[in-house]
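**Student:**
Numbering (the UniProt record's numbering), first residue to last: 1 to 350.
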């Protein structure tokens with residue numbers, strides 16, 4: 001092989017090495033949330049990228065094999081060519097043959113190492129880190145085809161690596177982690193606010209993060225703090241309660257003060273309409289009293305919200321470990337944990 005052919009192979013091998021390095025970091029750094037919508041629209045590169053991300057260990061094995069082969073070939077093919085090209089000019093200096101050989105070897109080794117590290121490693125790595133989503137869409141397809149071409153070798157290497165990992169009592173994973181824990185999300189939100197990337201003046205994002213960590217008892221209103229009405233309450237009494245307190249919903253309690261259900265202002269309006277309209281001073285009919293869904297004090301707030309939504313109820317009974325009702329959870333209060341203060345439409349500002 002001529003010296004200039006060796007230089008040409010150096011360029012080709014650097015390109016291949018850069019490809020494997022860029023593909024390796026792209027598969028790990030790309031976000032599924034950015035790739036999945038494209039795949040759902042029918043993008044073939046996006047579908048291939050998702051497959052590569054779901055088989056990350058195989059893709060990494062392919063990249064490592066490619067990088068290793070390219071690195072060895074660069075050293076064995078390109079270094080002798082550069083060494084020989086430098087030996088001629090250095091021989092004109094009059095130095096001894098041994099000295100020229102050593103100097104040419106050192107210069108060739110430094111030059112090849114520099115080109116390999118900068119253009120074969122650092123540049124593609126930085127590009128893949130900076131544009132991971134675009135990089136994985138561009139590089140995933142040729143990487144997957146390469147893995148299929150050398151499938152027996154790669155599967156064997158990956159199998160050996162996985163069994164070595166298991167010797168350290170660690171279970172290998174095929175897919176790169178693309179989710180965050182609650183603590184990580186809190187850190188991301190706080191850091192983004194400090195750096196001015198996230199504008200959360202209303203605190204909505206922060207409240208949404210904290211919401212998932214709260215229990216029903218943290219938001220529920222104790223029985224002693226409730227505005228309640230007796231089970232014998234009449235439409236007139238409900239209207240007076242609305243005029244006095246401004247709430248649209250009221251908990252109905254029995255003689256011992258335990259919640260039986262709740263009524264809404266619209267139930268009073270319905271009582272006065274239709275052929276079976278009730279007299280204003282007669283007790284509200286039982287069918288107008290809504291039942292409250294039961295939840296435990298330790299129920300996650302987001303789970304309590306889901307239960308209330310499924311049952312189409314705005315209030316829930318909060319019970320302790322012994323089954324005794326200790327508080328009432330209002331849908332309005334849950335929403336306030338997410339979006340801030342919510343005013344009852346019938347409540348007057350005082």
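We put the beta carbon where it would ideally sit given N, CA and C, even for glycine.
#1: Return the first residue and the last residue of the beta strand (DSSP E) that residue 327 is part of.
#2: With a CB to CB cut of under 6 Å and the five nearest residues on each side skipped, what residues in its chain are close to residue 120?
#3: With DSSP collapsed to three states, give me the class of residue 261.
#4: With burial defined as no fewer than 16 other Cβ atoms inside 10 Å of the residue's Cβ, what is the status of residue 2: buried or exposed?
#5: Between the region 150-170 and the region 38-51, do three or more beta carbon pairs fall short of 8 Å?
#6: Given residue 254, which residues of its chain have a CB within under 7 Å of its CB, disregarding the five upstream and five downstream residues?
#7: Report the residue from 47, 107, 55 whose alpha carbon sits nearest the alpha carbon of residue 87.
#8: Following the continuous beta strand (DSSP E) through residue 317, name the residue where it begins and the one where it ends.
#9: In the structure shown, what three-state DSSP assignment does residue 232 receive?
#10: Alpha carbon to alpha carbon, how far is residue 242 from residue 336? Give it in angstroms, no decimals.
#11: How would you write the range of the beta strand (DSSP E) that residue 123 sits in, first residue to last?
#12: Can you tell which of 330, 22, 96, 73 has the C-alpha that lies nearest to the C-alpha of residue 216?
#13: Which ranges does the alpha helix (DSSP H) cover as unbroken runs of at least 4 residues, wholly within the region 106-165, from first to last along the chain?
#14: State buried or exposed for residue 98, treating a residue as buried only when at least 16 other CB atoms are found within 10 Å of its CB.
**Tutor:** Answer, in terms of the structure:
#1: Sequence index remark: in the chain shown, residue 327 carries index 327 (1-based). Counting along the chain, the beta strand (DSSP E) containing residue 327 begins and ends at 325-330.
#2: Taking the chain shown and counting its residues from 1, one reaches residue 120 at position 120. Within the same chain, residue 120 has close Cβ partners 14, 17, 18.
#3: Numbered from its first residue, the chain shown carries residue 261 at position 261. Three-state result, residue 261: strand.
#4: Stepping through the chain shown from its first residue, residue 2 is reached at position 2. Classification for residue 2: exposed.
#5: The answer is no - the region 38-51 does not touch the region 150-170, with fewer than three Cβ pairs under 8 Å.
#6: Here residue 254 refers to the residue found at position 254 when the chain shown is read from its first residue. Cβ contact annotation for residue 254 (same chain, cutoff 7 Å, sequence separation greater than five): 231, 260, in chain order.
#7: Here the question's residue 87 lines up with position 87 in the chain shown. With distances taken between Cα atoms, residue 87 lies closest to 107.
#8: Here residue 317 is taken as the residue at index 317 of the chain shown, counted from 1. In the DSSP annotation of this structure, the continuous segment of the beta strand (DSSP E) that includes residue 317 starts and ends at 315-319.
#9: Sequence index remark: in the chain shown, residue 232 carries index 232 (1-based). When DSSP states are grouped into helix, strand and coil, residue 232 belongs to the coil group.
#10: Here residue 336 refers to the residue found at position 336 when the chain shown is read from its first residue. Here residue 242 refers to the residue found at position 242 when the chain shown is read from its first residue. Approximately 21 Å between the Cα atoms of the pair.
#11: Locating residue 123 in the chain shown gives position 123, counting from the first residue. According to the DSSP assignment, residue 123 belongs to no beta strand (DSSP E) but to the alpha helix (DSSP H) extending over 123-130.
#12: Reading the chain shown from its first residue, position 216 is the one you call residue 216. Residue 216 has its Cα closest to that of 330, out of 330, 22, 96, 73.
#13: Counting only runs of 4 or more, we get 123-130, 132-149.
#14: Counting from one through the chain shown, the residue named residue 98 turns up at place 98. When all chains shown are included, residue 98 counts as exposed.
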